[in-house]
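Residue numbers (the numbering used here): 12 to 73.
Glycine residues also receive a C-beta, built at the ideal position from the N, C-alpha and C atoms.
All figures in this text were calculated on a predicted structure; none of them were measured in a lab.
Read through the structure below, which is laid out as structure tokens, and then see the notes.
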């Protein structure tokens, strides 16, 4: 996966996280898990950063 594709994937994940935060769709319906797993395969460092933000979002949702 190229750097450009990784950046695009990160942007897509952030957009999904924002949609989850605003209640546009649920975590399950967003399909964010597949995107995060793809990011893990492509760029481990970006995955770690994204997981911190994702876990914080999930804590806010509780």
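Burial state of residue i (16 or more Cβ within 10 Å)
i	result
residue 31	buried
residue 24	buried
residue 35	exposed
Rounded C-alpha distance that separates residue i from residue j
i	j	result
residue 70	residue 16	28 Å
residue 48	residue 62	10 Å
residue 73	residue 39	15 Å
Short Cβ contact (9 Å threshold) for residue i with residue j
i	j	result
residue 50	residue 21	yes
residue 27	residue 43	yes
**Request:** Assess, as a yes-or-no matter, whether the segment 12-28 is touched by the segment 42-59 under the definition of 3 or more beta carbon pairs within less than 8 Å.
**Result:** yes
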